[in-house]
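In what follows, a single structure is set out as structure tokens and then discussed.
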Amino acid sequence: MTTNKRAILISLCASVILMLAKFVAYFITNSNAILTDAAESIVNVLASGFAFYSIYLATLPKDENHPYGHGKVEFFSAFVEGVLIGVAGVVILVKSIYSLFYGNKVFDLYDGAIIIACTGLVNLIIGIYLVKTGRENKSLTLEADGKH
């Protein structure tokens with residue numbers, strides 16, 4: 002397995018685990034802020050999955066339809082990741098506006114905050130690893146996945 006594939010697979014597995022942890026935190030707290038963070042994690046999982054597929058395609062050899070190889074797919078992957086982040090931002094904005102008008106009761110916020118802080122720390126570590134690996138291997142997909 003190449004370094005890029007291994008890095009994005011680590012990112013994908015971590016994204017799934019972090020998403021589950023954030024949903025646990027939401028169910029404990031009933032916090033809309035934590036729910037939006039958990040929903041954004043769905044975007045992370047989708048983006049990491051697409052990035053993994055893009056890295057697979059980018060490593061395919063030249064063929065009749067792609068005489069210069071498949072490396073350009075990484076630019077498309079970075080674009081898709083940007084669009085997914087934008088969509089998540091709109092959904093979070095709509096949910097926040099809804100909560101302003103209707104509100105909800107929050108429980109055990111301290112426990113939820115600890116879980117979210119831990120997921121943030123893990124996310125930071127994974128992000129730094131992806132950006133570093135992406136720069137070392139000249140992979141725009143890894144850099145984009147690490148920076149968001």
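For the sequence shown, our numbering gives the first residue as 2, with consecutive numbering after it.
Using N, Cα and C, we set each Cβ at its ideal position, and we do this for glycine too.
Within 10 angstroms of the beta-carbon of Leu-125 lie fewer than 16 other beta-carbons, which makes it exposed. The continuous alpha helix (DSSP H) containing Tyr-103 extends over residues 74 to 103. Apart from the 5 residues on each side of it in sequence, Ser-49 sits with its Cβ closer than 8 Å to the Cβ of Ile-9, Ser-12, Leu-13, Ser-16 and Asp-146 in its chain, given in chain order. Sorting Lys-148, Gly-90, Lys-106 and Asp-112 by C-alpha distance to the C-alpha of Ile-43 places Gly-90 at the top. In the structure shown, Met-20 adopts helical secondary structure according to DSSP, grouped into three states.
Taking C-alpha positions only, Val-84 is separated from Ile-29 by approximately 30 Å.
Under the three-state reduction of DSSP output, Asp-112 falls in the helix class. Restricting attention to Asn-5, His-67, Arg-7 and Lys-23, the CA atom closest to the CA of Leu-122 is found in Lys-23.
Nearest to Ile-93 by alpha-carbon distance, out of Leu-61, Ile-35 and Thr-3, is Ile-35. Taking C-beta atoms as the reference points, Ala-26 and Ile-117 count as a pair closer than 9 Å.
Burial is judged here by how many other beta carbons sit within 10 angstroms of a residue's own beta carbon; Glu-65 has fewer than 16 and is exposed. In this structure, Val-81 sits away from Phe-53, with a CB-CB distance that is not shorter than 9 Å.
In the structure shown, Leu-36 adopts helical secondary structure according to DSSP, grouped into three states.
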